[in-house]
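Residue numbers (the working numbering): 51 to 190. Even glycine gets a Cβ: it sits at the ideal position worked out from N, Cα and C. Have a look at the structure below before the remarks.
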């Protein structure tokens, strides 16, 4: 992949990796491809029952808000690929997966940012495809 297609953050990481270990640049480009793969198809009947409960997030209001918003639109968030690189994690299916179980999104600004953007755009009537495009533009 040409370096011109990497985000600024990825380009800086690639340059640093190359200066330390030239073999790491190939790995960085492979990770970029993984994060920019196709969006998943929302699973029929998906719900928010596995999203980390609000009570477990009460000490972090900003994080709690993101989880609460995702909990309101599980079918939308299940149709979005996460751009933070967690797509390679076991059990990962979609951005919704980042908010389930132990809620890795508690510690990831990218996951939370994508979830909050999806919620805001959905509230304004945007379609899933429009939401995906906006997330790709901002985080891809």
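If you draw a straight line from the Cα of residue 87 to the Cα of residue 132, it is about 10 angstroms long. Here residue 165 is not near residue 101, since their CB atoms are 7 angstroms or more apart. Taking C-beta atoms under 8 angstroms as the contact rule, residue 128 and residue 90 qualify, at a distance of about 7 angstroms. By the neighbour-count definition (other C-beta atoms within 10 Å, threshold 16), residue 105 is an exposed residue. Residue 150 has 101 as its beta-bridge partners, per DSSP.
A Cβ-Cβ separation of about 6 angstroms places residue 182 in contact with residue 130 under the 8 angstroms criterion. For residue 171, the enclosing alpha helix (DSSP H) begins and ends at 159-173.
A residue is called buried when at least 16 other Cβ atoms come within 10 angstroms of its Cβ; residue 157 does not meet this threshold and is exposed. The C-alpha of residue 99 is placed about 26 angstroms away from the C-alpha of residue 180. In this structure, the straight-line span from the alpha carbon of residue 117 to that of residue 187 is close to 22 angstroms. Boundaries of the alpha helix (DSSP H) around residue 111: 111-122. In the displayed model, residue 131 falls within coil according to three-state DSSP, outside both helix and strand.
Residue 122 and residue 143 have their alpha carbons spaced roughly 18 angstroms apart.
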